[in-house]
Every structure is written in structure tokens, then in C-alpha cells.
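To start, the structure under review is shown below, and the notes come after it.
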Amino acid sequence: MEAPLRPRLATVADAAAINAIYNHYVRTSTATFQVEDETTAGREEDLRRRPPSQPVIVL
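Counting from 826, one number per residue, gives the positions in the sequence shown under this note's numbering.
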């Protein structure tokens, strides 16, 4: 049996994995208005600066 998915707050350690998913959709769909891949450094900075009222949740 697989462990259940548990939502948690994202950390800078999640930046590369978040980008792997997000950048796929930047390149292959219209799900985002962004037209260039997000860098890992840019994602890390976003996660550091994000206010507590706008959390990023990962599974």
C-alpha cells in the first residue's frame, strides 16, 4: 500500500522539482502566460520572499 499524500508548505529545497513540473507547461501549453522557463534560482527567491498569506503547497 502506498503512503497517503500529505500536503505541506514548499521550501527552497522543492524549487527544482516545482520547476520541472511548471516549466513543462510553460513550454507545451497555454496554462500560463509565462513564455520562458523559470530558473531554479528565481523559484528559490520566490519561495523565500513569498508572504505567509500566499503559501505554496506541495504533496
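The beta-carbon is built from N, C-alpha and C at its ideal position, and this holds for glycine as well.
Item                                                                                                              : Value
Inter-stretch contact (C-beta, 8 Å, three-pair minimum) for the segment 837-846 and the segment 870-877           : yes
Sub-8 Å separation of ASN848 and GLU827 beta-carbons                                                              : no
DSSP state of ARG833 mapped onto helix, strand, coil                                                              : strand
Supposed contact pair PRO880 and LEU834 - C-beta distance, whole angstroms, cut 8 Å                               : 6 Å
Spatial neighbours of VAL851 in its chain, beta-carbon cut-off 8 Å, leaving aside the 5 residues before and after : THR857, GLN859, VAL860, GLU861, ASP862, GLU863
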